[in-house]
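Q: Dumping the structure here so I can ask a few things about it.
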């Protein structure tokens, strides 16, 4: 007997096939003789071969059917597949949401000199295969500095921009060409070094024009430039063909002069003029922390991000300041979301884009514009919206005096001085972790415009910030809308005690409950609804 426990698969180190439980135990299987063991005669070997289920060669006798409940001793093929299936299912909504979306991704020059460069490029190629339209903007700051250092020249900066004289311009051209070819080379290998999966082309060219930055505070920036115009239609043509487009920091003037532009500015302007869904920066790994709770901030609405930037400008590391500032410009220009990702985390791009929790920080345009706390002067507008729904039996009837008494619980959406949507959030006094969402209604002319979704997201964020983790609604007619937004059917017994006592059994409203998981979960729901 080979050393090892009975029925142990390790007893057969040369077996390349799965072993299954059967009527014959492993201890009854004959083994070839080894040194130090009794040698079998030819007659004994023949007899052993007739009775043994073990065969030295791959023969059909190794194959036999087993019933579903006969567990294999080891099935290496299925090992870990359950985790893969659940993960893939969880990714599928994001795969669908991102298809045909334009993502502009800034590649910092530092990444080319780091261990994760190749896998990051492979992940970018995978985005293309998953249907994302990818534009890459390659920076080359360290490569330019390295070339200048070899010439014994110290780089000159002013106001955060390189001063590019004729000598520096030569280094800029060399570095930009090197970076572009390095990225193209890695992309040409396809996904995971499998050329047969490489179904796309990599396209680069003069897709934007530039103008000189000029003289600022007495400093002549010479060949340092800024973006004048992006050839958006030409880029879209290539994206629609399934190509990946690469831009560098070098732009041409209409007269043919070369200018060294900020790659971050190129990425920001390109994202705006392409009406991109996302602009993505790879950072040095800084995280923003809320000092009140010690928690990492994963999302900042545009308004709060701008306020934070204006008030904390001096606290920003230099590169992060440039990325953050250009992200704000892009968001104000119409780009839906800006992502700041730690480039030292393997797979950070895929984790950010295809999982609910993400892996970086996001700045999102203000979809809550016009939403505010209700005031007494809004009561007339609230009544105009809810009275038709009350008459139809969709909402419980509320008197003006009741709304006046509860006005602090209401929020409204205002447009051009008119209340176009409303809702109320009631935190349960005896259980501050539970709240009721009530009276969510949108003016008929503004339905199907995302106002209800924005109002729900706003109140979920407010509820979570107050410590609410369980949100419930009562509905007789419109519950399907809530089911589609993560609420689950509940029972009267699941309501807080005081709400159970006031529950109108004659009206027999259905109960739906949603457990709040944080602002990042709200972010992802809004993303999937393309808000």
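Numbering (our numbering), first residue to last: 18 to 548. For each residue, glycine too, the CB sits at the ideal point set by N, CA and C.
Note down, one range per segment and in chain order, each alpha helix (DSSP H) of at least 4 residues found wholly within the region 280 to 355.
A: With a minimum length of 4 residues, the continuous alpha helix (DSSP H) runs that stay inside the region 280 to 355 are 280 to 290, 319 to 328 and 335 to 349.
Q: Hey, is the region 104 to 113 in contact with the region 250 to 269, meaning 3+ C-beta pairs nearer than 8 Å?
A: The region 104 to 113 vs the region 250 to 269: no contact.
Q: Using only alpha-carbon positions, find the residue among 453, 535, 382 and 171 that is nearest to residue 514.
A: Among 453, 535, 382 and 171, the Cα nearest to that of residue 514 belongs to 453.
Q: Just mark residue 167 as buried or exposed, buried being the case when its beta carbon has 16 or more other beta carbons within 10 Å.
A: Exposed is the call here.
Q: Quick check on residue 225: does DSSP put it in helix, strand or coil?
A: Strand, per DSSP.
Q: Need the endpoints of the beta strand (DSSP E) that residue 438 sits in, please.
A: Start and end: 435 to 445.
Q: Can you name the start and end residues of the alpha helix (DSSP H) that residue 262 belongs to?
A: Careful: residue 262 lies outside any alpha helix (DSSP H), inside the beta strand (DSSP E) at 261 to 264.
Q: Enumerate, from N- to C-terminal direction, the unbroken alpha helix (DSSP H) stretches of 4 or more residues contained entirely within the region 393 to 467.
A: Taking only runs of at least 4 residues, the alpha helix (DSSP H) segments lying wholly in the region 393 to 467 are 396 to 408 and 417 to 422.
Q: Taking C-beta to C-beta, are residue 357 and residue 340 nearer than 8 Å?
A: In this structure, residue 340 lies closer than 8 Å to residue 357 by Cβ.
Q: Helix, strand or coil: how does DSSP classify residue 380 here?
A: Residue 380 falls in the strand class under three-state DSSP.
Q: Where DSSP assigns a beta bridge to residue 174, which residues make up the other side?
A: In the DSSP output, where bridge partners are listed per residue, residue 174 has 179.
Q: Can you give me the start and stop residues for the beta strand (DSSP E) that residue 492 sits inside?
A: That run of the beta strand (DSSP E) goes 487 to 492.
Q: For residue 197, which residues in the same chain have their Cβ closer than 8 Å to its Cβ, ignoring the five residues on either side in sequence?
A: Closer than 8 Å at Cβ, skipping near neighbours: 155, 221, 263 and 265.
Q: CB residue 291 to CB residue 152, shorter than 8 Å?
A: In contact: residue 291 and residue 152 (Cβ atoms closer than 8 Å).
Q: Spatial neighbours of residue 172 within its chain, please: CB distance less than 8 Å, with the 5 preceding and 5 following residues excluded, ordered by chain position.
A: 161, 162, 165, 179 and 185, listed in sequence order.
Q: Using the beta-carbon count (16 or more within 10 Å), is residue 435 buried or exposed?
A: So residue 435 ends up on the exposed side.
Q: At the level of alpha carbons, what is the spacing between residue 460 and residue 229?
A: If you take the alpha carbons of residue 460 and residue 229, they lie about 50 Å apart.
Q: For residue 124, which of 282, 254 and 177 has the nearest alpha-carbon?
A: Per the Cα distances, 282.
Q: So residue 529 is in the beta strand (DSSP E); what residue range does that whole segment cover?
A: Here the beta strand (DSSP E) through residue 529 covers 527 to 532.
Q: Just reading off the alpha helix (DSSP H) that residue 250 is part of, what are its end residues?
A: Element bounds for residue 250: 249 to 257.
Q: Would you mind reading off the limits of the beta strand (DSSP E) that contains residue 512?
A: Looking at the DSSP string, residue 512 is not in any beta strand (DSSP E), and its letter there is neither H nor E.
Q: Using only alpha-carbon positions, find the residue among 142, 183 and 507 that is nearest to residue 492.
A: It is 507.
Q: Buried or exposed: residue 405, going by 16 or more other Cβ atoms within 10 Å of its Cβ?
A: Burial call: exposed.
Q: Hey, residue 348 and residue 382 are a contact pair by Cβ (cut 8 Å); roughly how many whole angstroms apart?
A: Contact flag correct, Cβ pair sits at about 5 Å.
Q: Should residue 318 go down as buried or exposed, given a rule of 16 or more other Cβ atoms within 10 Å for buried?
A: Flag for residue 318 reads buried.
Q: Applying the criterion that 16 or more other CB atoms from any shown protein chain within 10 Å of the CB defines a buried residue, is residue 555 buried or exposed?
A: Residue 555 lies beyond the residue range present for the chain, which begins at 18 and ends at 548; the question has no answer from this structure.
Q: How should residue 484 be labelled, buried or exposed, when 16 other C-beta atoms within 10 angstroms of its C-beta is the threshold for buried?
A: Burial call: exposed.
Q: At the level of alpha carbons, what is the spacing between residue 500 and residue 428?
A: Their Cα atoms are separated by approximately 22 Å.
Q: Is the separation between the beta-carbon of residue 472 and that of residue 355 shorter than 8 Å?
A: No, Cβ-Cβ distance for residue 472 and residue 355 is not below 8 Å.
Q: Starting from the Cα of residue 486, find the closest Cα among 532, 525 and 510 and give me that residue.
A: Here the closest residue by C-alpha is 532.
Q: Sort 393, 498 and 443 by Cα distance to residue 481 and report the nearest one.
A: With distances taken between Cα atoms, residue 481 lies closest to 443.
Q: Can you name the start and end residues of the beta strand (DSSP E) that residue 277 belongs to?
A: First-last of the beta strand (DSSP E) with residue 277: 275 to 277.
Q: If we ignore side chains and look at the alpha-carbon of each, how far apart do residue 431 and residue 344 end up?
A: Residue 431 and residue 344: Cα-Cα distance of roughly 28 Å.
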